[in-house]
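**Student:** Each residue of the sequence shown is one higher than the one before, counting from -6 in my numbering.
Where is the CB? At the ideal position from N, CA and C, for every residue including glycine.
Please read through the structure below; I'll follow up with questions.
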Amino acid sequence: MIFKLVGDGRPYPEHGLSSREWAQIPPRQVRLDSLVTTKAMLDLHSLLAADSTFYGDLFPHVVQWQGELYLEDGLHRALRAALHQRSILHARVLELPS
């Protein structure tokens, strides 16, 4: 099992963080099997593209809400980590109040 649950959509309230605000959150280690995805499908072209991790934030974005960790952005990075048999991922974690 790679993820705790494969979800489809964001059950948590809108946070409105900009890319700049996400960049202010220091990355921390997160176990892949503790994450709930917010996307059920991924385009293999983006997963396998040589530059898929070149653009945007280097770290996935995770939202912690009501005791769950939701992978909001960076599914392709998480899957690449899993394909390399890593169980831990460095991600920026935003903690939303319940």
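Rounded to whole angstroms, what is the Cα-Cα separation between H83 and R70?
**Tutor:** Cα-Cα distance, rounded: 10 angstroms.
**Student:** Nearest by alpha-carbon distance to K32: which of G60, P53, P20 and G2 is it?
**Tutor:** The shortest Cα separation from K32 among G60, P53, P20 and G2 belongs to G2.
**Student:** How about H54 and G67: are their beta carbons less than 8 angstroms apart?
**Tutor:** Yes, the pair counts as a contact, with Cβ atoms nearer than the cut-off.
**Student:** Can you tell me whether DSSP reads H8 as helix, strand or coil?
**Tutor:** Of the three classes helix, strand and coil, the one that applies to H8 here is coil, per DSSP.
**Student:** Compare the beta carbon distance of F(-4) and D26 with 8 angstroms and say whether it is the shorter of the two.
**Tutor:** Yes, the pair counts as a contact, with Cβ atoms nearer than the cut-off.
**Student:** Taking L87 as the reference, give the member of T30, L72, L62 and R24 with the closest Cα.
**Tutor:** Of T30, L72, L62 and R24, the residue nearest in Cα terms is L62.
**Student:** State the start and end residues of the unbroken beta strand (DSSP E) segment that holds A84.
**Tutor:** A84 -> beta strand (DSSP E) spans I81 to E88.
**Student:** So R85 packs on P20, CB below 8 angstroms; how close in whole Å?
**Tutor:** R85 to P20, Cβ: 5 angstroms. Contact.
**Student:** In the DSSP output, what is H54 paired with across the bridge?
**Tutor:** DSSP output for H54 lists D66 and R85 as bridge partner(s).
**Student:** Using DSSP's beta-bridge definition, name the partner residues of P20.
**Tutor:** Its beta-bridge partners are R85.
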